[in-house]
Structure formats: structure tokens, C-alpha cells
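Asks: My questions will all concern the structure given below.
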Amino acid sequence: MLALAAIVGAPHAAAQDVPIADRRATDLDAVVVTGTPKGRARKDAPFAISVLSGQTLQRSAPTSSVDMLRGVPGISAEPSGGQGGGQNLYVRGLPAGGWFYMQYQEDGMALFDEPQESFLNIDTLFSLDMMTERLEVVRGGTSPLFATNAPGGTVNAITRHGTATPEGALRLTNGSNGQWREDA
């Protein structure tokens, strides 16, 4: 009864809303994906972080997910089995196992949670293209805090966002043995 009296007797308070006329659909809070619950500078992080920019990825022109991790310290990667068939991925300090000890994410969401599925290759779920803004790799012991089944590391592909002005791009690539690729 006392609680009801306190609620009824409390002064009325209303939240201040931004008038609808002043809001725009593009007014969103910035979201930064990092390997910790709170953002921090790479130099202050107690674990290893590598960031591959979109320009770096486009210049190296990787043909598979394993191929794009070749320059990351502590990860030994070599493709096998043709385009999209590479599972030869070794994380320093862990036995061989392909993606068994790492988790691959796109914009912070796991592409698949069970790396034990031997028939499932990460390249069947994700293809590096012009929409990839950057690739963030968190390596080492803290990775399992932010991704399940990932004692070796977490690879997070951050995709580009739309812009207010329409954009377009087209890329044609060809290589040896009649290999070619088109991105639009």
C-alpha cells in the first residue's frame, strides 16, 4: 500500500524526445568492433591484434580465406585443394587443425560455431570481395573470451557500409590456368 502511494504521489516526468522533423534515417551511433568489450588502442591491448586494411587485401588479391591470413604473425597458412579448398592453417603453439582452433566472423557474428564439421570450409560461407573494409585478427589466449571454440584466434571481416551518394564498382581479374573472377 505504501509503494502504491509513493508511485501515485510521485511527480510526473517525461523523457525529452528529439522532434521527428530533426531526425534523419542516417543518424546512427558509430559501432566499432574490437576484441574487447571496451574499445582500446592496439598498443594498449594485452594481446596480439592484426588489422589488414581493404587496400592491403585488394593488393594481395587472396583467392581463399587461408590465403588472406598469410601475412598475419603467428599464423602459418597455405592453400591446398584448389581455390576455396585450403584448410592448411596452423596457429603458433597449437597442433594442426585447419579452422578447428579459430573462429571466423563477419561483422562480429560467427559464420559457423562448430569447426569440427570437416565437410564445411570457411570459403563456402564467405568470399573476400570489394565489400570487405578490413580484416581484424585477434590472436592468442584472450580470443576464447570473445568467440566460442577459438583458443587460437578470431578473424573478423568488417564489411563496408552504404553511403548517402550512390556508388558502384566493377573489377575483373584473370590469372594463370584460365582462372578469372568478376566482382561488382
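The sequence shown begins at 0 in numbering that gives the first Met the number 0 and counts up by one.
Quick reminder that beta carbons are idealized off the backbone N, C-alpha and C, glycines included.
Quick one: Cα of valine 71 to Cα of serine 49, how far?
Replies: Walking along the sequence shown from the start, residue 71 turns up at place 72. Walking along the sequence shown from the start, residue 49 turns up at place 50. Computed Cα separation, rounded: 7 Å.
Asks: Just the Cα atoms here: how many angstroms apart are arginine 91 and glycine 73?
Replies: Here residue 91 refers to the residue found at position 92 of the sequence shown. Here residue 73 refers to the residue found at position 74 of the sequence shown. The straight-line gap from Cα to Cα measures roughly 5 Å.
Asks: If you follow the beta strand (DSSP E) that glutamine 102 is in, where does it begin and where does it stop?
Replies: Position 103 of the sequence shown, counted from the first residue, corresponds to residue 102. Element bounds for glutamine 102: 101-105.
Asks: Rounding to the nearest angstrom, what Cα-Cα distance links alanine 183 and glycine 161 in this structure?
Replies: The count along the sequence shown starts at 1 and reaches residue 183 at position 184. The count along the sequence shown starts at 1 and reaches residue 161 at position 162. Whole-angstrom Cα-Cα distance: 15 Å.
Asks: Can you name the residues that DSSP bridges to glutamate 135?
Replies: Your numbering for residue 135 matches position 136 in the sequence shown. Residue pairing by DSSP places glutamate 135 opposite Val50 and Asn155 in a beta bridge.
Asks: Span of the beta strand (DSSP E) holding aspartate 182?
Replies: Residue numbering aside, residue 182 sits at position 183 when the sequence shown is read from its first letter. 179-182 is the span of the beta strand (DSSP E), which, as asked, contains aspartate 182.
Asks: Under the rule that 16 or more other beta-carbon atoms within 10 Å means buried, what is leucine 124, buried or exposed?
Replies: Taking the first residue of the sequence shown as position 1, residue 124 is located at position 125. The residue in question, leucine 124, is exposed, as its Cβ has fewer than 16 Cβ neighbours within 10 Å.
Asks: For asparagine 173, name the three-state secondary structure that DSSP assigns.
Replies: The residue given as residue 173 occupies position 174 in the sequence shown. In this structure, asparagine 173 counts as strand in the three-state DSSP scheme.
Asks: Counting only the same chain and skipping the five closest in sequence on each side, list residues whose C-beta sits under 6 Å from that of isoleucine 156.
Replies: Within the sequence shown, the letter at position 157 stands for residue 156. First, the residue type needs correcting, since residue 156 is alanine and not isoleucine in the sequence shown. Taking C-beta separations shorter than 6 Å and ignoring five residues to either side along the sequence, the partners of alanine 156 in its chain run Glu105, Thr131 and Leu134, following chain order.
Asks: Beta carbon of arginine 172, beta carbon of glutamate 166: below 9 Å?
Replies: The residue labelled residue 172 in the question sits at position 173 within the sequence shown. The residue labelled residue 166 in the question sits at position 167 within the sequence shown. Correcting the residue type first, residue 172 is threonine in the shown sequence and not arginine. The criterion of a C-beta distance shorter than 9 Å is not satisfied by threonine 172 and glutamate 166.
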